[in-house]
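Protein chains in written order, with this note's numbering: chain A, 8 to 464; chain B, 13 to 298. Each residue gets a CB set at the ideal place from its N, CA and C atoms; glycine is no exception. A quick write-up on the structure given underneath.
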């Protein structure tokens, strides 16, 4: 390797270690991210052409603005961000590791000069050993038990608290890399898919988003029932709950039996999770009616599918023209169409909740709606993500790491006791905190005062 | 009387407090500052009671509607104002710099006024997607974070005014209203402390949102505009935190980053709902 190459390499390394790069990358990430919130992401070309001219669309798609979070340049920025994190940590961690693992037990004069908090006391009439003992006891009581080292006639004390707090920032940095790793795991070995299952049927295939071929689950999912419930009172018509009863059949055995799956309560089987996402109706509903012939008093129950004409006592037919599970706040309702043997058809609404209501209409027949059974399909979101736990681990470390980095401080106190001319003893006291210096200053002043008092006593 | 009326009283208390803080800056009367602060603290206590009351009221609505009052735009704005006062009180207890009130209480007052005058205050039932404990964790952590950023923004504005008038040197005393401002060094410190509180809370807010999304939809991150904007805010404050250790980025630039960060926060909170489309359409129903 030539000197020039080495220079280039050093320059390259310095570039990735620089904190300026961190700030610039973060600001660039923030600014470019805005694009994807203004331009819709991952739509079909025709959707964009409705909104933009062809030239604009071509520019947008060349710049990958239509799927920017997966574009080479955005991922590139994230890679620079990750490399910057790694480089910064590699550069700084060994020094911090040394500070924590091999603290300076025998401080030189020069070390005291670098400390923000120092104090010197001269004691008369006591030996070095006596002063050292008093100082040791005081530090142990007010701060932390010190390590005592002798150096010739000098005695040094060193005490520290929470040295590991210095690792908080590196844990935070590592956590971001862990989150990235989890996301990569998920995108390599996971998928997002969906499936619609009609009540009473089962399937073993789900459809990944944006792809033509289904994925085989390796087991069967059956939807036994789907239901929607609504709020009552003045909030009638607002959905309260969407619920699917799902069963899983694996190797011919029912391993999960009619487990209710609602929004915010998914079902997981063999690493694959099923989420209640949507629903719809399928086919015409089944309707059950009770009809009373006013003249004869004959009561008859009728049942059939919506749209199908049902025979009435005394001739003629009734047909359910339309129905709904929630008619305003009145619940299930059906619009009936009665066709007498001769004459025009008449149409009116009956409500399940008010079976006697139709009597007031005054027709030849009195109808009550007994039951309305709509057949539904449930729309399930299906996800497999083996990286999700890695992401949660990263998130937990991110929060823990940043709390430690911001709020905990590595505090150190050194004391050097040495004989001075004339039988006096000199005590030098110094301390530092790597965070929250003002609070440490107050604490240090207190230690200083107590030491003076005790040595004077 | 119901909780809405108590919220009106809270709004009036914040308004009076804000006006008195401005009067304090003009007259330098310590008594005025104390009254302003008492109004702020009292207003916050009433605010706390009113939120609890609204919570109770939601359980009195027939039809199983009861839930923590954190679900629609009105409730979130009211809660946001509450968290701003909470962070203000914490900072006030620590630093006792009354001038800060004149720059922080207005945010809470604006929020309450907007909520009381323009937003739909009906107690509405939760749609299925919102029926989750994650809603509470997510909203509380996000808004505590937002509130810390609001305080940081107010303090940054003070910093820029102070440094601007004093010619950038920092600690040279200035006359007039500025004399009541904390020193530039202290303003910078409060700014940093507030963001130090806000950043882990924002991180937690994003994480609880991701956990909830994963639980409800099966994907913890989908680059939805709301998610993306919360990440943009996170990037800006991460840049701010690193700027403190970088020469040339401390002082004015850091203060500007804090103000831009709060502007992005507000856009994330309101702009995304009002301007862009996405998953968090709580504004739509109201």
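For residue 244 of chain B, the nearest CB of chain A lies under 9 Å from its own CB, placing it at the interface with that chain. Using a CB distance cut-off of 9 Å, residue 59 of chain B does not count as an interface residue toward chain A. Secondary structure at residue 53 of chain A: helix, using DSSP grouped into helix, strand and coil. With the criterion set as a beta carbon lying under 7 Å from some beta carbon of chain A, the members of the region 194-209 of chain B are 208, in sequence order. For the pair residue 335 of chain A and residue 129 of chain B, the Cα-to-Cα distance works out to about 30 Å. In terms of Cα proximity to residue 248 of chain A, the closest of A/242, A/254, A/238 and A/257 is A/238. Taken through DSSP and simplified to helix, strand or coil, residue 141 of chain B comes out as helix. The CB of residue 362 of chain A never comes closer than 8 Å to any CB in chain B; the least such distance is about 23 Å.
For a Cβ distance threshold of 7 Å, residue set 219 of chain B lies close to residue 402 of chain A, ordered along the chain.
For residue 43 of chain A, same chain residues with a beta-carbon under 6 Å away, outside a window of 5 residues either side, are 75 and 76 in chain order. Contact annotation for residue 255 of chain B against chain A: 30 [CB-CB distance below 7 Å, chain order].
A distance below 7 Å between beta-carbons, with the five flanking residues on each side excluded, links residue 22 of chain B to the following residues of its chain, in chain order: 55, 58, 59, 62 and 124. Under the three-state reduction of DSSP, residue 259 of chain B is assigned to coil, being neither helix nor strand. Non-local beta-carbon contacts of residue 138 of chain B in its own chain, meaning distances under 7 Å to residues more than five positions away in sequence, involve 79 and 83 in chain order. Within 7 Å of the CB of residue 211 of chain B, the CB atoms of chain A belong to 409, in sequence order along the chain.
Burial check for residue 68 of chain B: the Cβ neighbour count within 10 Å stays below 16, so the residue is exposed. In the displayed model, residue 227 of chain A falls within a strand according to three-state DSSP.
When beta bridges are read from the DSSP output, residue 308 of chain A appears opposite A/297. DSSP places residue 218 of chain B within a helical segment (H, G or I) once states are collapsed to three.
Shown here, residue 188 of chain A sits in a helix according to DSSP, grouped into three states. Under the three-state reduction of DSSP output, residue 146 of chain B falls in the helix class. In terms of Cβ geometry, residue 344 of chain A and residue 366 of chain A do not form a close pair [threshold 9 Å]. Along the length of the region 72-160 of chain B, whole beta strand (DSSP E) runs at least 3 residues long do not occur. Note: residue 378 of chain A is bridge-paired with A/295 in the DSSP secondary-structure output.
Taking the Cα positions, residue 242 of chain A is about 7 Å away from residue 136 of chain B. Counting C-beta pairs closer than 8 Å gives three or more between the region 388-407 of chain A and the region 208-216 of chain B, which meets the contact rule. The C-beta distance from residue 389 of chain A to residue 190 of chain A rounds to 19 Å, too long to meet the 8 Å contact threshold. The count of Cβ pairs closer than 8 Å, one atom from the region 372-390 of chain A and one from the region 173-186 of chain A, stays below three, leaving the stretches out of contact. In terms of beta-carbon proximity, residue 271 of chain B stays away from the interface with chain A, with every pair separated by 9 Å or more.
Residue 459 of chain A and residue 136 of chain A have their C-alpha atoms roughly 16 Å apart.
Neighbourhood of residue 139 of chain B in chain A, by CB distance below 8 Å: 245 and 246, in chain order. Taken through DSSP and simplified to helix, strand or coil, residue 121 of chain A comes out as helix. Contact fails between the region 204-211 of chain A and the region 37-44 of chain B, because fewer than three Cβ pairs, one in each stretch, are under 8 Å apart. Less than 9 Å separates the beta-carbon of residue 361 of chain A from that of residue 337 of chain A.
From the listed residues A/255, A/290 and A/354, the smallest Cα separation to residue 275 of chain A is found for A/255. In the DSSP assignment, residue 203 of chain A forms a beta bridge with A/386.
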